[in-house]
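Residue numbering for the sequence shown follows my numbering, beginning at 1214 and increasing consecutively. Heads up, the beta-carbon is just placed ideally off N, CA and C, and yes, glycines get one too.
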Amino acid sequence: MTEQEQKQQQKRIEPCEINPKFKYEVAKMHGGEKLMRCFQCGTCTSDCPIARFSETYRPRQIIRMAQLGLKDRVLKSDTLWLCAACFTCTDRCPQDVEVASVIRVLRNMAAEEGVVPQVFIEEAASILESGYAYRIPELRMKKRETLGLPPLPKGNVESIRKSLRGVSIMKCLEKKSD
Ligand code: SF4
Ligand code: SF4
1214 MTEQEQKQQQ KRIEPCEINP KFKYEVAKMH GGEKLMRCFQ CGTCTSDCPI
1264 ARFSETYRPR QIIRMAQLGL KDRVLKSDTL WLCAACFTCT DRCPQDVEVA
1314 SVIRVLRNMA AEEGVVPQVF IEEAASILES GYAYRIPELR MKKRETLGLP
1364 PLPKGNVESI RKSLRGVSIM KCLEKKSD
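This is the structure:
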């Protein structure tokens, strides 16, 4: 763990950081209803495949921050975006907390506030532009030709745009293009 990460983890909670209404905001969203059932057993973290390879990603901590009302801290946390949405935590939580869904709710809230890591904004922009999650280099296309492979199918950008209408990350893209 880097020194900076350690400092971040150890940062004291200041009373002004606590938003007592936040847990209710999360709990009224679909998937966030059982947030307050968490009793911090740590099963979600111990079974999470991402936590196994990360020194900072801990779903139990994310749930606790949400319970405590640390809205800014949790919404601005980069680790929030590391979840792979595999639902292992949800399956194994003894309290039936829908951990993966709570994380989705928190991500949606972060996106509403325009706090999305640049890499996801770029990915979303690429999907909107081409239908592919990343821009495929011209060189790769030429290589396909030389190997006698057919061109890649064109993404249905219109249909993607329709599906993404109203999705929070679109606001971040709109802000970016302003
Ligand atoms: S497994 Fe469930 S109860 Fe245990 S820490 Fe995770 S969310 Fe909380
Ligand atoms: S859904 Fe996310 S938090 Fe839960 S186990 Fe999978 S990667 Fe970890």
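Confirm the yes/no value for this check: CB of residue i, any heavy atom of ligand 2, distance under 7 Å.
{"i": "Asp1260", "result": "yes"}
{"i": "Cys1257", "result": "yes"}
{"i": "Val1312", "result": "yes"}
{"i": "Gly1316", "result": "The amino acid occupying residue 1316 in the given sequence is Ile; Gly does not appear at that position. Under cutoff, so the answer is yes."}
{"i": "Cys1296", "result": "yes"}
Let's test the definition: count the other Cβ atoms within 10 Å of the Cβ of residue i and tell me whether it reaches 16, buried, or not, exposed.
{"i": "Arg1273", "result": "buried"}
{"i": "Glu1311", "result": "buried"}
{"i": "Val1370", "result": "exposed"}
{"i": "Met1322", "result": "buried"}
{"i": "Gln1253", "result": "exposed"}
{"i": "Ile1316", "result": "buried"}
{"i": "Gly1361", "result": "exposed"}
{"i": "Cys1346", "result": "According to the sequence provided, residue 1346 is Ala. The question's Cys does not apply to it. Classification of Ala1346: exposed, given that the 10 Å Cβ count is below 16."}
{"i": "Ala1324", "result": "buried"}
{"i": "Ile1275", "result": "buried"}
So is the beta-carbon of residue i under 7 Å away from any non-hydrogen atom of ligand 1?
{"i": "Phe1300", "result": "no"}
{"i": "Gly1244", "result": "no"}
{"i": "Arg1273", "result": "yes"}
{"i": "Gln1280", "result": "no"}
{"i": "Ile1263", "result": "no"}
{"i": "Phe1252", "result": "yes"}
{"i": "Cys1385", "result": "no"}
{"i": "Pro1307", "result": "yes"}
Along the alpha helix (DSSP H) that carries residue i, what are the first and last residues, could you check?
{"i": "Met1354", "result": "1351-1359"}
{"i": "Lys1236", "result": "1235-1240"}
{"i": "Asp1309", "result": "It is not in any alpha helix (DSSP H) - Asp1309 carries neither H nor E in the DSSP assignment."}
{"i": "Arg1374", "result": "1370-1377"}
{"i": "Phe1333", "result": "1331-1343"}
{"i": "Arg1348", "result": "Where Arg1348 is concerned, there is no enclosing alpha helix (DSSP H), given that its DSSP letter is neither H nor E."}
Work out the CA separation of residue j and residue i for me, nearest whole Å.
{"i": "Phe1266", "j": "Gly1245", "result": "26 Å"}
{"i": "Ser1314", "j": "Asp1285", "result": "19 Å"}
{"i": "Lys1289", "j": "Asp1304", "result": "26 Å"}
{"i": "Gln1331", "j": "Thr1269", "result": "19 Å"}
{"i": "Thr1256", "j": "Cys1306", "result": "6 Å"}
{"i": "Gln1280", "j": "Thr1359", "result": "56 Å"}
{"i": "Lys1319", "j": "Leu1377", "result": "This sequence places Leu at residue 1319; Lys is not what is there. Between Leu1319 and Leu1377, the C-alpha separation is close to 18 Å."}
{"i": "Leu1352", "j": "Pro1363", "result": "15 Å"}
{"i": "Ala1298", "j": "Arg1374", "result": "23 Å"}
{"i": "Leu1341", "j": "Lys1384", "result": "13 Å"}
{"i": "Asp1260", "j": "Cys1302", "result": "7 Å"}
Item to complete: Within the region 1256-1297, note down every full beta strand (DSSP E) run reaching 3 residues or more, in order along the chain.
Response: none
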